[in-house]
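Chemist: Numbering (this note's numbering), first residue to last: 55 to 382. Here a beta-carbon is modelled for each residue, glycine too, at the ideal position from N, C-alpha and C. Source: prediction; values computed, not measured. Have a look at this one before I ask anything.
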Ligand code: AMP
Ligand code: TRP
């Protein structure tokens, strides 16, 4: 039984990319592992210049997690800043992390390009904070989407360096990818992401979901209704593989024989997504009407996470020579 750790930034409601790329695995891993899942509010601050939405976003994310099947009896669900030891560990790990490693990270370069007016110190240290998240809980398996792989490679390098200088303390964390590690957005070209506004929220209403599905780009070469389509390049077809497993062969046949048009195909996908998430949406609605439930889950999660965090931090400080004999 390995310890599982994963974090997600509270950017609002989950979308299909988050769900297929990560959350589905969060849920599945609970059966066989001890799982720690963290809403990383401090990471969110690296890109926010306006923080008034943060608390609502944290609540939305937790409701999505619970409705998707994360079980607070089994797993530890908490908010990053509620267990402040992670910031101490971040400072300590920053001493063994060469700046050159951080400046090479693709997400840093991309964010620096996207927000040139706010290339803050926290943005450079983002992967060190992410490493601190994982290793504070001695996480071994990390369910993430493909975009997080460079961060995890760096986390492993930091761990190796720390262990070689101070002795073995941390396991090397390994990524756990899902069968959909990079879901494309409704534009059919870029990674589905809230910031690109090419996403479909899993808690959206059936009407919104259908509207977004109808906006999806299909095979760009299929212009006329009588022309056969190419499912292998079509993002709608890719989605059918997850949401319409029983109909996917029929869809393939009808598309390649031009007996179904893209409009009809997208209508069907919208219905299938709605069907798939109907129980999720029902549960989310129920949980959201229980007044203290979300706050209680997070308070209990922080309590349980703190116990592990304090123990690890003490071990780290001892290894790094920060504790005298008397304080040991
Ligand atoms: P984020 O909302 O960017 O913090 O992502 C939360 C988790 O969802 C991370 O593990 C991401 O790798 C994953 N994720 C986000 N977008 C996608 C996507 N389009 N396809 C697959 N996984 C994704
Ligand atoms: N960087 C991750 C993302 O953008 C979020 C994250 C923070 C994370 N700490 C983590 C993911 C630890 C896995 C493990 O999605």
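How long is the line joining the alpha carbons of residue 352 and residue 105, rounded to whole angstroms?
Modeler: Those two C-alpha atoms are separated by around 20 angstroms.
Chemist: In three-state DSSP terms, what is residue 88?
Modeler: Shown here, residue 88 sits in a strand according to DSSP, grouped into three states.
Chemist: So, helix, strand or coil for residue 279, using DSSP?
Modeler: Reduced to three states, the DSSP call for residue 279 is coil.
Chemist: Give me the Cα-Cα distance between residue 286 and residue 335, rounded to the nearest whole angstrom.
Modeler: 30 angstroms
Chemist: Cα separation between residue 83 and residue 185?
Modeler: 20 angstroms
Chemist: Once the 5 residues before and after residue 370 are set aside, which same chain residues still bring their CB inside 7 angstroms of it?
Modeler: 143, 146, 223
Chemist: Taking just the CA atoms, how far does residue 58 sit from residue 194?
Modeler: If you take the alpha carbons of residue 194 and residue 58, they lie about 6 angstroms apart.
Chemist: Cβ of residue 168 versus every heavy atom of the ligand AMP: is any distance shorter than 7 angstroms?
Modeler: no
Chemist: Mind checking residue 97: buried by the 16 CB within 10 Å criterion, or exposed?
Modeler: The residue is buried, with at least 16 neighbouring Cβ atoms inside 10 Å.
Chemist: Are the CB atoms of residue 356 and residue 136 nearer to each other than 8 angstroms?
Modeler: yes
Chemist: Pick from 120, 359, 212: whose alpha carbon is nearest that of residue 347?
Modeler: 120
Chemist: Rounded to whole angstroms, what's the CA-CA distance from residue 173 to residue 165? Just pull it up for me.
Modeler: 8 angstroms
Chemist: Please determine whether the Cβ atom of residue 63 lies at a distance below 7 angstroms from any heavy atom of the ligand TRP.
Modeler: Yes, the Cβ of residue 63 comes within 7 angstroms of a heavy atom of the ligand TRP.
Chemist: Using 8 angstroms as the threshold, is the C-beta distance between residue 210 and residue 150 below it?
Modeler: no
Chemist: Touch check for the segment 120-134 and the segment 72-87: three-plus C-beta pairs under 8 angstroms?
Modeler: yes
Chemist: Heavy atom of the ligand TRP less than 7 angstroms from the Cβ of residue 362, yes or no?
Modeler: no
Chemist: What is the DSSP secondary structure of residue 296, reduced to helix, strand or coil?
Modeler: Three-state DSSP puts residue 296 in a helix.
Chemist: Could you name the residues that DSSP lists as bridge partners for residue 61?
Modeler: 92
Chemist: Tell me which residues share the same chain as residue 366 and place their Cβ nearer than 6 angstroms to its Cβ, disregarding the 5 neighbours each side in the sequence.
Modeler: Excluding sequence neighbours, residue 366 sits near 190.
Chemist: Relative to the C-alpha of residue 133, which candidate in 60, 208, 283 has its C-alpha closest?
Modeler: 60
Chemist: Count Cβ pairs between the segment 249-264 and the segment 304-319 that sit closer than 8 angstroms; are there 3 or more?
Modeler: no
Chemist: Over what stretch of residues does the alpha helix (DSSP H) that includes residue 322 continue unbroken?
Modeler: Element bounds for residue 322: 316-342.
Chemist: For the ligand TRP, I want to know if residue 59 counts as a neighbour, meaning its beta carbon is within less than 7 angstroms of at least one of the ligand's heavy atoms.
Modeler: yes
Chemist: Residue range of the alpha helix (DSSP H) that residue 162 falls in?
Modeler: It spans 160-168 - the alpha helix (DSSP H) in which residue 162 sits, taken as one unbroken run.
Chemist: Just how far apart, CA to CA, sit residue 256 and residue 66?
Modeler: 11 angstroms
Chemist: Please determine, among 251, 340, 148, the residue with the shortest C-alpha to C-alpha distance to residue 212.
Modeler: 148
Chemist: Let me make sure I understand the geometry here. Which of 99, 71, 87 has the alpha-carbon closest to that of residue 55?
Modeler: 87
Chemist: Write down the C-beta distance between residue 22 and residue 238 rounded to the nearest angstrom, noting that I regard them as a contact closer than 8 angstroms.
Modeler: The requested residue 22 is not part of the displayed model; the chain covers only 55 to 382.
Chemist: With hydrogens ignored, establish whether the beta-carbon of residue 198 is closer than 7 angstroms to any heavy atom of the ligand AMP.
Modeler: yes
Chemist: What are the partner residues of residue 69, as DSSP defines its beta bridges?
Modeler: 255
Chemist: Say the cut is 7 angstroms; is the CB of residue 312 nearer than that to a heavy atom of the ligand AMP?
Modeler: no
Chemist: Just mark residue 219 as buried or exposed, buried being the case when its beta carbon has 16 or more other beta carbons within 10 Å.
Modeler: Residue 219 should be labelled exposed.
Chemist: How many Å lie between residue 275 and residue 202 at the Cα?
Modeler: If I take the Cα positions, the gap works out to 32 angstroms.
Chemist: Would you say residue 187 and residue 92 are within 8 angstroms of each other, going by their C-beta atoms?
Modeler: yes
Chemist: What's the call for residue 269, buried or exposed, on a 16-neighbour Cβ count within 10 Å?
Modeler: exposed
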